[in-house]
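Student:
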Amino acid sequence: MSTGRLFGKVAMVTGGGAGIGRAVSLRFAAEGATVVVCDIDDDRGEETVRMARAVTDTVFATHLDVSGETSWGTALDTVLQSHGRVDVLVNNAGLAYRRPLADSPLAEWRDLMAVNAGGTFLGLKHVTTAMARTGGGAIVNVASAAALIGVPGMTTYSAAKGAVRAMSRVAAMEFAADGVRVNSVYPTSVRTGMVVSDARDTGVSVEEFLDAAGALSPLGGIAEPEDVADAVLFLASDEARFVTGAELVVDGGATAGVA
Ligand SMILES: NC(=O)c1ccc[n+]([C@@H]2O[C@H](COP(=O)([O-])OP(=O)(O)OC[C@H]3O[C@@H](n4cnc5c(N)ncnc54)[C@H](O)[C@@H]3O)[C@@H](O)[C@H]2O)c1
Numbered sequence: 001m002s003t004g005r006l007f008g009k010v011a012m013v014t015g016g017g018a019g020i021g022r023a024v025s026l027r028f029a030a031e032g033a034t035v036v037v038c039d040i041d042d043d044r045g046e047e048t049v050r051m052a053r054a055v056t057d058t059v060f061a062t063h064l065d066v067s068g069e070t071s072w073g074t075a076l077d078t079v080l081q082s083h084g085r086v087d088v089l090v091n092n093a094g095l096a097y098r099r100p101l102a103d104s105p106l107a108e109w110r111d112l113m114a115v116n117a118g119g120t121f122l123g124l125k126h127v128t129t130a131m132a133r134t135g136g137g138a139i140v141n142v143a144s145a146a147a148l149i150g151v152p153g154m155t156t157y158s159a160a161k162g163a164v165r166a167m168s169r170v171a172a173m174e175f176a177a178d179g180v181r182v183n184s185v186y187p188t189s190v191r192t193g194m195v196v197s198d199a200r201d202t203g204v205s206v207e208e209f210l211d212a213a214g215a216l217s218p219l220g221g222i223a224e225p226e227d228v229a230d231a232v233l234f235l236a237s238d239e240a241r242f243v244t245g246a247e248l249v250v251d252g253g254a255t256a257g258v259a
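So in UniProt numbering, spot 197 of the sequence shown is number 197, and the numbers just go up one at a time.
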């Protein structure tokens, strides 16, 4: 259902070619935004555009490797030349590995930190500057409940998401005077391709993984990508005009306490 909550806004969504990023892109498009789907996988990005075209022609795809500063410069130039401004950025692209700390290769740490933390760092660095020039905007960083609680096997991932959490607060402080709001969301397991790799790394079937993940939530089950997209939409919209530096947990109550 569209209520035009992002009418007239230009939004970049990283990792918009799948999972949560795709759900965010489609939700934003339905709410009237011009959406630029930014993904390292061009085929996936174009697939999101095709899906959106069923309801709107204001969705476009551009190549972006969030871990590369040159790639950010090129993608942002493309967006500014085509659309003149960026009002919303969703730093969503991410990878996940589950591995006991003692077995974790340093190369994996570097790889994951470069995408999950470095990608958010670069997005904040480049896009806040562009937003400040046009009077402000809203940034939503997709972190994870793994930044809030200890999840065995997720040292590297948790460290990267902890960095996203810290950066979100600092950026909220640094850019408030420019009218740029920066908030972050914290899902537990969400039904995307990442769950499949999580199950593989844990050594269980996807069904077993989903059962175990769902049992952690007092509300029962796991989140759908659209549940996260709705939370992101609120923070990106003008309804959150007075909200910055906030942390929105989307976890069915899993981290609220012991049921
Ligand atoms: N699925 C979950 O259970 C879950 C839970 C909490 C947080 N998250 C976070 O949500 C975000 C999205 O996860 P998802 O489950 O939708 O993942 P996904 O694997 O379904 O999709 C990730 C997308 O990011 C893209 N991507 C990967 N590396 C990239 C790069 N370097 N540059 C640009 N794009 C890149 C991929 O091509 C893909 O389209 C991630 O930051 C993830 O850590 C996911």
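Even for Gly, the Cβ is constructed at its ideal location relative to N, Cα and C.
In whole angstroms, what separates the C-alpha of glycine 257 from that of serine 217?
Tutor: Distance between the alpha carbons of glycine 257 and serine 217: 10 Å.
Student: Quick one: what does DSSP say leucine 233 is sitting in, helix, strand or coil?
Tutor: Looking at leucine 233 - three-state DSSP - the assignment turns out to be helix.
Student: Would the beta-carbon of residue 312 be found less than 7 Å away from any heavy atom of ligand 1?
Tutor: Residue 312 lies beyond the range of the chain shown here (1 to 259); nothing can be said about it.
Student: Kindly indicate the opening and closing residues of the alpha helix (DSSP H) around residue 261.
Tutor: Because the chain is modelled from 1 through 259, residue 261 falls outside the range shown and cannot be assessed.
Student: How far does the beta strand (DSSP E) with aspartate 140 in it reach, from first residue to last?
Tutor: A quick correction: the sequence has valine, not aspartate, at residue 140. Here the beta strand (DSSP E) through valine 140 covers 137 to 142.
Student: Leaving aside the five residues before and after threonine 56 along the sequence, list all residues of the same chain whose C-beta is less than 6 Å from its C-beta, in chain order.
Tutor: Excluding residues within five positions, the ones whose Cβ falls inside 6 Å are Ala29.
Student: Just confirm the distance between the C-beta atoms of threonine 14 and leucine 64, as a whole number of angstroms; I'd bet it's less than 8 Å.
Tutor: Going by Cβ atoms, the distance from threonine 14 to leucine 64 rounds to 6 Å, so yes, they are a contact pair.
Student: Looking at leucine 6 and glutamate 46, is the spacing between their C-beta atoms short of 8 Å?
Tutor: Cβ atoms of glutamate 46 and leucine 6: not closer than 8 Å.
Student: Is valine 206 near serine 184, with beta carbons less than 8 Å apart?
Tutor: No, these two residues do not count as a Cβ contact at 8 Å.
Student: Can glycine 15 be considered in contact with ligand 1, in the sense that its beta carbon sits closer than 7 Å to one or more heavy atoms?
Tutor: At least one heavy atom of ligand 1 is nearer than 7 Å to the Cβ of glycine 15, so yes.
Student: Check the DSSP bridge columns for glutamate 247 and list the partner residues they point to.
Tutor: Ser184.
Student: So which of Asp238, Met113, Ala61, Val250 has the shortest CA-CA distance to methionine 154?
Tutor: Cα-wise, what sits closest to methionine 154 is Met113.
Student: Can you give me the C-alpha to C-alpha distance between leucine 210 and proline 187, rounded to a whole angstrom?
Tutor: About 14 Å.
Student: Just curious, the beta strand (DSSP E) that aspartate 39 is in, first and last residue?
Tutor: Looking at the DSSP string, the run of the beta strand (DSSP E) that includes aspartate 39 is 34 to 39.
Student: How far does the alpha helix (DSSP H) with threonine 120 in it extend, from its first residue to its last?
Tutor: Threonine 120 -> alpha helix (DSSP H) spans 118 to 133.
Student: Under the three-state reduction of DSSP, which class applies to threonine 56: helix, strand or coil?
Tutor: Threonine 56 falls in the coil class under three-state DSSP.
Student: Do the segment 193 to 206 and the segment 228 to 235 meet, that is, are 3 or more Cβ pairs less than 8 Å apart?
Tutor: Taking 8 Å as the limit for Cβ pairs, the verdict is that the segment 228 to 235 does not touch the segment 193 to 206.
Student: Can you find the residues in the same chain that come closer than 6 Å, C-beta to C-beta, to arginine 27, ignoring five residues on each side of it along the sequence?
Tutor: Same-chain partners within the cutoff: Ala229, Leu233.
Student: Which residue or residues does DSSP assign as beta-bridge partners of valine 88?
Tutor: Answer by DSSP bridge pairing, in chain order: Ala11, Ala138.
Student: For ligand 1, I want to know if residue 261 counts as a neighbour, meaning its beta carbon is within less than 7 Å of at least one of the ligand's heavy atoms.
Tutor: Only positions 1 to 259 of the chain appear in the structure, and residue 261 is not among them; the question remains open.
Student: Going by Cα to Cα distance, which pick from Val243, Thr129, Thr70, Tyr97 is closest to aspartate 198?
Tutor: The shortest C-alpha separation from aspartate 198 is found at Tyr97.
Student: Lysine 125: buried (16+ other C-beta within 10 angstroms of its C-beta) or exposed?
Tutor: Classification of lysine 125: exposed, given that the 10 Å Cβ count is below 16.
Student: If you draw a straight line from the alpha carbon of serine 82 to that of serine 168, how long is it in whole angstroms?
Tutor: Distance between the alpha carbons of serine 82 and serine 168: 28 Å.
Student: Tell me the DSSP bridge mates of alanine 177?
Tutor: Answer is none; alanine 177 lacks a bridge partner.
Student: Tell me where the alpha helix (DSSP H) around phenylalanine 242 begins and ends.
Tutor: Looking at the DSSP string, phenylalanine 242 is not in any alpha helix (DSSP H), and its letter there is neither H nor E.
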